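J.: Okay, here's the structure, questions in a sec.
Protein chains: 2
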Amino acid sequence: MPSAYQQLTDVFTRLAHLDHASTYLTWDQMVMMPEQGIERRSQTLAELAALRHAQLSNDALGDWFDEAQATATGDTVASVREMRRQWDLSRVLPAELVKQQIMAGAKCEHAWRTQREHNDWDGFLVNFREVVALAREEARIRQSAAPDQFDTPYDALLDLHCAGDTSELISEVFTALKAVLPDMISTLSQRETTGAFNDNDHYPIEAQKALSEALMAQLGFDFSAGRLDVSVHPFSTGGRGDARITTRYRDNEFMDALLATAHETGHASYESGLPADWALLPVGGSRNMSIHESQSLLFEKQLLLAKPFLAFLTQLIHQHLPDSRQYDADTLWRHATVVKPSFVRVEADEVTYPLHVILRYEIESALINGDMEPDAIPTVWDEKMQQYLGLSTGNNHKLGCLQDIHWTDGAFGYFPSYTLGAVNAAQLFHAMTEQHTDWEQRFADGDTSFVRAWLSEHIWQRGSFLSSQELMVQATGETTNAQHLINHLRARYL
Amino acid sequence: MPSAYQQLTDVFTRLAHLDHASTYLTWDQMVMMPEQGIERRSQTLAELAALRHAQLSNDALGDWFDEAQATATGDTVASVREMRRQWDLSRVLPAELVKQQIMAGAKCEHAWRTQREHNDWDGFLVNFREVVALAREEARIRQSAAPDQFDTPYDALLDLHCAGDTSELISEVFTALKAVLPDMISTLSQRETTGAFNDNDHYPIEAQKALSEALMAQLGFDFSAGRLDVSVHPFSTGGRGDARITTRYRDNEFMDALLATAHETGHASYESGLPADWALLPVGGSRNMSIHESQSLLFEKQLLLAKPFLAFLTQLIHQHLPDSRQYDADTLWRHATVVKPSFVRVEADEVTYPLHVILRYEIESALINGDMEPDAIPTVWDEKMQQYLGLSTGNNHKLGCLQDIHWTDGAFGYFPSYTLGAVNAAQLFHAMTEQHTDWEQRFADGDTSFVRAWLSEHIWQRGSFLSSQELMVQATGETTNAQHLINHLRARYL
Chain A
1267 MPSAYQQLTD
1277 VFTRLAHLDH
1287 ASTYLTWDQM
1297 VMMPEQGIER
1307 RSQTLAELAA
1317 LRHAQLSNDA
1327 LGDWFDEAQA
1337 TATGDTVASV
1347 REMRRQWDLS
1357 RVLPAELVKQ
1367 QIMAGAKCEH
1377 AWRTQREHND
1387 WDGFLVNFRE
1397 VVALAREEAR
1407 IRQSAAPDQF
1417 DTPYDALLDL
1427 HCAGDTSELI
1437 SEVFTALKAV
1447 LPDMISTLSQ
1457 RETTGAFNDN
1467 DHYPIEAQKA
1477 LSEALMAQLG
1487 FDFSAGRLDV
1497 SVHPFSTGGR
1507 GDARITTRYR
1517 DNEFMDALLA
1527 TAHETGHASY
1537 ESGLPADWAL
1547 LPVGGSRNMS
1557 IHESQSLLFE
1567 KQLLLAKPFL
1577 AFLTQLIHQH
1587 LPDSRQYDAD
1597 TLWRHATVVK
1607 PSFVRVEADE
1617 VTYPLHVILR
1627 YEIESALING
1637 DMEPDAIPTV
1647 WDEKMQQYLG
1657 LSTGNNHKLG
1667 CLQDIHWTDG
1677 AFGYFPSYTL
1687 GAVNAAQLFH
1697 AMTEQHTDWE
1707 QRFADGDTSF
1717 VRAWLSEHIW
1727 QRGSFLSSQE
1737 LMVQATGETT
1747 NAQHLINHLR
1757 ARYL
Chain B
1267 MPSAYQQLTD
1277 VFTRLAHLDH
1287 ASTYLTWDQM
1297 VMMPEQGIER
1307 RSQTLAELAA
1317 LRHAQLSNDA
1327 LGDWFDEAQA
1337 TATGDTVASV
1347 REMRRQWDLS
1357 RVLPAELVKQ
1367 QIMAGAKCEH
1377 AWRTQREHND
1387 WDGFLVNFRE
1397 VVALAREEAR
1407 IRQSAAPDQF
1417 DTPYDALLDL
1427 HCAGDTSELI
1437 SEVFTALKAV
1447 LPDMISTLSQ
1457 RETTGAFNDN
1467 DHYPIEAQKA
1477 LSEALMAQLG
1487 FDFSAGRLDV
1497 SVHPFSTGGR
1507 GDARITTRYR
1517 DNEFMDALLA
1527 TAHETGHASY
1537 ESGLPADWAL
1547 LPVGGSRNMS
1557 IHESQSLLFE
1567 KQLLLAKPFL
1577 AFLTQLIHQH
1587 LPDSRQYDAD
1597 TLWRHATVVK
1607 PSFVRVEADE
1617 VTYPLHVILR
1627 YEIESALING
1637 DMEPDAIPTV
1647 WDEKMQQYLG
1657 LSTGNNHKLG
1667 CLQDIHWTDG
1677 AFGYFPSYTL
1687 GAVNAAQLFH
1697 AMTEQHTDWE
1707 QRFADGDTSF
1717 VRAWLSEHIW
1727 QRGSFLSSQE
1737 LMVQATGETT
1747 NAQHLINHLR
1757 ARYL
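Protein chains in written order, with my numbering: chain A, 1267 to 1760; chain B, 1267 to 1760.
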């Protein structure tokens, strides 16, 4: 008779195989699938999700968890804990609510694609009220199920994306950033910007692809265990043995593609570097989105834009794109570090980006905790944009509260991970460079192996054995601390 | 309470979704996946196969089948019949035998990859004896389960690939071909061959890809519902809404890639043209491999190599590959229709190919029916090669009985479909051109729409409602008849 723990790992191993299927079928849908494939693909992904849910939410696992928790020792303790977390999360919501959410979210997101184009806030609001009402209900149920764990309903949604990062911690981090960034931005945005690139520059896409692959190789990416493709929005999926990342190319500009490539290589390196022995179990998975985003931003903002590394990269660029030789490393660095307040989060630089996130965090936490109604969003959005970035959205909702997809299907609690990730990235990079004082020389030589080794030891190999904040404390000596991002931005920009 | 038929279609719809997942994950494995992805991918495909088997082989379906068979009318009769066929096929073998076959097949195939290189028949024989013993056991059990249906054990294996085409029919067809082809070949192989292409020809792969896509468009392929990629061995998978085909390119020769593209477009057109209303159920699937291969060979051999169409295609070739203008349509046609006996089936021309298949059919049917032992294969192979093609294999097993993968994992009963497909293709093409007497003019204009319309009506839209031979009778007035292939070959080559 197999042990309770063995029974559980058998179930979760089967779930890992179903997840593998969904992961690569979704990649295929985003990158390869012809348009008419969507109907059958959607049906199949729904079937796999239903199979997953049926296997995971099984009541029978309860006895196995009780027995496994009573007998677990060593690494198994965390393994049982993370399996149980998945089981609990899958069972807490009534099936009827989940179904209503899927339908309301799909309806709202579908209509949003048109409403955004037409700046139609009133039309959006009709669907969005339902999405918010259901998310509030979800948050209430999740908080009630674990009142000791969650101080507010919003904390219960945060737990789905930023598990371990509470609204108390986030508010502290964000308050520190708000105290510094607006002034820093008004100083920086008065500087004259001298970017590279002209409209008649032309960099062949095939050569840009080879350049991106050369950068990935320099960052330690193993092409026998992954690939690079093109998609409308760059993303990363898969992991150990088969990491798939995408970027996008523009004919007359090559820096954006390289930054996106470095960013996604960071995500992929994390997934590929997770502990092989635990690959099929939850405890072997990535910790949360704040940690995930710290890996991508560390590769993109800390590593690639470190002046010594960019100087090395500039040589690679000049080799692959002969026409780029008109731009030296300094010019490319200045181009990639222009600071300028703008309306759109995804186009924001690293100094203004946190304020876009803080604005969304303040609105979504108030929405979920019942301190604000959806109707008030445009006014509050405009006020905060003026206050934080000195820009008025007015009634241009397309560049304001209708710009993001996240809220349309109810993904509240995700936005903070972008800025927690930026803080964590600066904090981890600081700790790493304190231990590797020759980092600038190494970067100048294109050597990134010590970065991978350090991250592997302190983050990747730890999977989900520790909480996100335990992970940060063990790696850096402290919990997520805004001062590290502030120091980084001051050092780079002031 | 849903009807028994509804319960059954619910089960088979879920199976169709699992099949969709396996289909595109396998395509990804063949075309996109990096090498280190294989372990997790294999585990996932095994898990999906196990889920499929568990859902299909369920005893509980028996009562539903009994009730559905008693109440079915119209199209539903065939639908229930084809679902039941799947259910029966999935249940007839003991699980232990299936497991032994998978292990013995995997072991034999894995070792074969090296043994073939080393011409190691004796080493191969050790594993292969086990594969044959298990296949004989499978055939015996399948025949015992349906003694009225199968005259011989081998017929029960034929049923897995060429359902509806009995060994009696096959022997009749093959006897007719054997009576004619050896003489035809000895006449043709005395002719001087004047192929196109020189070693220093150079046709850029990107341009060849655009040419293949132009050919596919000319053959009616819809790129909003499918795509073309590259793989080591060309293949076709997927279907309606998302057909995936592959070809392969050589730098100094473009005809092979075009022929492979046409071949796979034929397979894909069949799968994409199956009845949409029955897409998720077995009766909406393709009939058998003899019919499938008839569609690919009709596109490749009958259509593309028809002189008027090749003349049209030559214009396309000249447009896409300016360096090809040194070769006119006649030269390309002669290049693609060289007849020459050779050792390797997959490289054989359409005149010698059937004899490669007949040789394998005679050996594998004798093996399975217990009329021959595996030890005798090399001797019999050599004798038949001399008799049919005038070539002696001697002890060169690499170019003889070790050349194919099929037998290594026990796929007996598949080979006949290649030549039944060639006969069916000639027979269908004959029937179609009798109705469309202006076919040569249409081909000269690049018009293939009437071919698709005719095949859609007579083959594609019929799914698995009819047996393979009923299908041939309704489309052409007779069962599979070797004379049509003989007439085609005489007309083209003599």
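No residue lacks a Cβ here, since even glycine has one placed at the ideal position from N, Cα and C.
It should be emphasised that the depicted structure is a prediction, and the values quoted were computed from it without experimental measurement.
Name the residue from B:S1734, B:G1532, B:C1428 and B:G1505 whose alpha carbon lies nearest to the alpha carbon of R1307 of chain A.
T.: Start at 1 with the first residue of the first sequence, and residue 1307 of chain A comes out as number 41. The shortest C-alpha separation from R1307 of chain A is found at B:G1505.
J.: Using a Cβ cut-off of 7 angstroms, pull out every chain A residue sitting near M1762 of chain B, in sequence order please.
T.: No answer is possible for residue 1762 of chain B: it lies beyond the span of chain B, which begins at 1267 and ends at 1760.
J.: Under 8 angstroms, do A1491 of chain B and Q1381 of chain A count as touching if we go by C-beta distance?
T.: On the second sequence, position 225 is the one that residue 1491 of chain B refers to. On the first sequence, position 115 is the one that residue 1381 of chain A refers to. Not a contact, by the Cβ cut-off of 8 angstroms.
J.: Taking a cut of 8 angstroms between CB atoms, which residues from the region 1711-1737 of chain A lie near chain B?
T.: none
J.: Taking only runs that begin and end inside the region 1591-1628 of chain B, name each unbroken alpha helix (DSSP H) of 4 or more residues, in chain order.
T.: 1595-1602
J.: With DSSP as the reference, please indicate the residues paired to T1502 of chain B in a beta bridge.
T.: As a first step, residue 1502 of chain B is located in the second sequence; it is residue number 236 there, counting from the start. The question names Thr, but residue 1502 of chain B in the sequence shown is Ser. Bridge pairing for S1502 of chain B: B:I1511 [DSSP].
J.: Is it buried or exposed, M1521 of chain A, if we count other Cβ atoms within 10 angstroms and call 16 or more buried?
T.: Working through the first sequence from its first residue, we reach residue 1521 of chain A at position 255. With 16 or more other Cβ atoms within 10 Å, it is buried.
J.: Is there at least one Cβ from chain B nearer than 8 angstroms to R1493 of chain A's Cβ?
T.: Taking the first sequence and counting its residues from 1, the one referred to as residue 1493 of chain A is at position 227. So yes, R1493 of chain A belongs to the interface.
J.: Does the CB of A1476 of chain B have a neighbour CB from chain A at under 8 angstroms?
T.: Within the second sequence, the letter at position 210 stands for residue 1476 of chain B. For A1476 of chain B, the answer is no, since every Cβ of chain A falls outside 8 angstroms of its Cβ.
J.: With 8 angstroms as the threshold, decide whether the Cβ of H1384 of chain A is near any Cβ in chain B.
T.: Here residue 1384 of chain A refers to the residue found at position 118 when the first sequence is read from its first residue. No, because no Cβ of chain B sits closer than 8 angstroms to the Cβ of H1384 of chain A.
J.: Less than 6 angstroms between C-beta atoms, sequence neighbours within five positions excluded: which residues of the same chain meet that for S1538 of chain A?
T.: To locate residue 1538 of chain A, count along the first sequence from 1; it is residue 272. Correct list, in chain order: G1505, R1506 and A1509.
J.: Contact check, T1618 of chain B vs P1607 of chain B under 8 angstroms by CB: the rounded distance?
T.: Sequence index remark: in the second sequence, residue 1618 of chain B carries index 352 (1-based). Sequence index remark: in the second sequence, residue 1607 of chain B carries index 341 (1-based). With a Cβ gap of about 5 angstroms, T1618 of chain B and P1607 of chain B count as contacting.
J.: Is there at least one Cβ from chain B nearer than 8 angstroms to E1375 of chain A's Cβ?
T.: As a first step, residue 1375 of chain A must be located in the first sequence, where it is residue number 109. Closer than 8 angstroms: no.
J.: At 7 angstroms on the CB atoms, spell out the chain B contacts of A1287 of chain A, in chain order.
T.: Here residue 1287 of chain A is taken as the residue at index 21 of the first sequence, counted from 1. Within chain B, the residues near A1287 of chain A are A1287, L1291, T1310 and L1314.
J.: Checking the sheet assignment: what are the DSSP bridge partners for G1492 of chain A?
T.: Translated into positions along the first sequence, residue 1492 of chain A becomes position 226. Under DSSP, G1492 of chain A forms a beta bridge with A:A1509.
J.: Can you tell me whether M1369 of chain B is buried or exposed, with buried defined as 16 or more other CB within 10 angstroms of its CB?
T.: As a position in the second sequence, residue 1369 of chain B is number 103, starting the count at 1. Answer is exposed; the Cβ neighbour count stays below 16.
J.: Taking the Cβ atom as the reference point for each residue, do E1313 of chain B and R1280 of chain A lie within a distance shorter than 8 angstroms?
T.: Counting from one through the second sequence, the residue named residue 1313 of chain B turns up at place 47. Counting from one through the first sequence, the residue named residue 1280 of chain A turns up at place 14. Contact flag set, yes.
J.: Just reading off the alpha helix (DSSP H) that K1475 of chain B is part of, what are its end residues?
T.: Locating residue 1475 of chain B in the second sequence gives position 209, where the first residue counts as 1. Where K1475 of chain B is concerned, the enclosing alpha helix (DSSP H) stretches over I1471 to Q1484.
J.: List the residues of chain B that Q1272 of chain A touches, going by C-beta distances under 8 angstroms, in chain order.
T.: The residue you call residue 1272 of chain A lines up with position 6 of the first sequence. Simply none; closest approach about 17 angstroms.
J.: Mapping DSSP to helix, strand and coil, what is R1516 of chain A?
T.: By one-based count along the first sequence, residue 1516 of chain A stands at place 250. Three-state result, R1516 of chain A: strand.
J.: Would a C-beta distance cut-off of 8 angstroms place L1494 of chain A and E1479 of chain A closer than the cut-off?
T.: As a working mapping, residue 1494 of chain A is identified with position 228 in the first sequence. As a working mapping, residue 1479 of chain A is identified with position 213 in the first sequence. Going by C-beta atoms, L1494 of chain A is nearer than 8 angstroms to E1479 of chain A.
J.: To which residues of the same chain is W1720 of chain A closer than 8 angstroms at the C-beta, ignoring the five residues directly before and after it?
T.: By one-based count along the first sequence, residue 1720 of chain A stands at place 454. Non-local beta-carbon contacts of W1720 of chain A in its own chain, meaning distances under 8 angstroms to residues more than five positions away in sequence, involve M1698, Q1701 and H1702 in chain order.
J.: Work out the CA separation of N1393 of chain A and Q1366 of chain A for me, nearest whole Å.
T.: Position 100 of the first sequence, counting from 1, holds the residue named residue 1366 of chain A. Position 127 of the first sequence, counting from 1, holds the residue named residue 1393 of chain A. Approximately 12 angstroms, taken between the alpha carbons.
J.: Which residue wins for smallest C-alpha separation from L1359 of chain A, given the options A:F1681, A:I1451, A:E1403 and A:D1421?
T.: Translated into positions along the first sequence, residue 1359 of chain A becomes position 93. Ranking the options by Cα distance to L1359 of chain A, first place goes to A:E1403.
J.: Can you round the beta-carbon distance between T1674 of chain B and C1374 of chain B to whole angstroms, since I take them to be within the 8 angstroms contact cut?
T.: Within the second sequence, the letter at position 408 stands for residue 1674 of chain B. Within the second sequence, the letter at position 108 stands for residue 1374 of chain B. The Cβ separation is near 5 angstroms, so the contact holds.
J.: Compare the Cα-Cα distances from V1717 of chain A to each of A:H1696, A:G1729, A:F1501 and A:H1499 and report the closest residue.
T.: Here residue 1717 of chain A refers to the residue found at position 451 when the first sequence is read from its first residue. Residue A:H1696 is the option with its Cα nearest to V1717 of chain A.
J.: Name the two residues that bound the continuous alpha helix (DSSP H) containing V1689 of chain B.
T.: Within the second sequence, the letter at position 423 stands for residue 1689 of chain B. Where V1689 of chain B is concerned, the enclosing alpha helix (DSSP H) starts and stops at P1682 to Q1701.
J.: Cα separation between T1342 of chain A and L1564 of chain A?
T.: Residue 1342 of chain A sits at position 76 when you count from the first residue of the first sequence. Residue 1564 of chain A sits at position 298 when you count from the first residue of the first sequence. Distance between the alpha carbons of T1342 of chain A and L1564 of chain A is about 31 angstroms.
J.: What's the C-alpha gap between G1636 of chain B and F1416 of chain B?
T.: Counting from one through the second sequence, the residue named residue 1636 of chain B turns up at place 370. Counting from one through the second sequence, the residue named residue 1416 of chain B turns up at place 150. One C-alpha to the other measures close to 16 angstroms.
J.: Have a look at B:T1742, B:H1558, B:L1454 and B:H1584 and flag the residue whose alpha-carbon is nearest the alpha-carbon of P1682 of chain B.
T.: For this step, residue 1682 of chain B is matched to residue 416 along the second sequence. Nearest neighbour of P1682 of chain B by Cα position, chosen from B:T1742, B:H1558, B:L1454 and B:H1584, turns out to be B:H1558.
J.: Measuring straight from C-alpha to C-alpha, what distance separates A1287 of chain B and A1401 of chain A?
T.: As a working mapping, residue 1287 of chain B is identified with position 21 in the second sequence. As a working mapping, residue 1401 of chain A is identified with position 135 in the first sequence. Distance between the alpha carbons of A1287 of chain B and A1401 of chain A is about 31 angstroms.
J.: What separation, rounded to the nearest whole angstrom, lies between the Cα atoms of H1754 of chain B and L1694 of chain B?
T.: Locating residue 1754 of chain B in the second sequence gives position 488, counting from the first residue. Locating residue 1694 of chain B in the second sequence gives position 428, counting from the first residue. Going from the Cα of H1754 of chain B to the Cα of L1694 of chain B covers about 11 angstroms.
J.: When you compare the CB positions of V1604 of chain B and T1459 of chain B, do they come within less than 8 angstroms of one another, or not?
T.: Here residue 1604 of chain B corresponds to residue number 338 of the second sequence, with the count starting at 1. Here residue 1459 of chain B corresponds to residue number 193 of the second sequence, with the count starting at 1. Contact flag set, yes.
J.: Using 8 angstroms as the cut-off, can you tell me whether the region 1516-1532 of chain A makes contact with the region 1543-1556 of chain A, which would need three or more C-beta pairs spanning the two stretches below that distance?
T.: Output reads no: the region 1543-1556 of chain A does not touch the region 1516-1532 of chain A.
J.: What in chain A is Cβ-close to G1303 of chain B, meaning under 7 angstroms?
T.: For the purposes of this step, residue 1303 of chain B is taken as the residue at position 37 of the second sequence. Under the 7 angstroms cutoff, chain A gives G1507 and D1508.
J.: What does H1499 of chain A touch in chain B if you count any residue whose Cβ is under 7 angstroms from its own?
T.: Walking along the first sequence from the start, residue 1499 of chain A turns up at place 233. By Cβ distance, chain B contributes nothing, its closest Cβ being about 19 angstroms from H1499 of chain A, past 7 angstroms.
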